[in-house]
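In the numbering used here, the protein residues as written are 171 to 231.
As structure tokens, this is what we get:
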């Protein structure tokens with residue numbers, strides 16, 4: 171079994187990119203959860219809340 175210190179620089183870059191993607195996915199998940207929570211509180215459709223919070227950026231994600 172190889173440890174992280176045995177990875178090449180290319181493999182480390184790939185691993186870093188994966189971690190960044192995971193962070194972004196988690197961020198988007200949290201934003202979606204928050205939009206649903208707000209929608210319930212104000213009795214709005216979740217798409218209205220997302221548009222209000224994020225503009226059209228939520229569609230691009």
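Quick reminder that beta carbons are idealized off the backbone N, C-alpha and C, glycines included.
| query | result |
| --- | --- |
| Starting from residue 193, follow the alpha helix (DSSP H) in both directions and report where the run begins and ends. | 179-212 |
| Measure the C-alpha to C-alpha separation of residue 175 and residue 181 and round it to an integer number of angstroms. | 11 Å |
| Am I right that residue 185 and residue 177 are in contact with their C-beta atoms under 8 Å? What's the rounded C-beta distance? | 7 Å |
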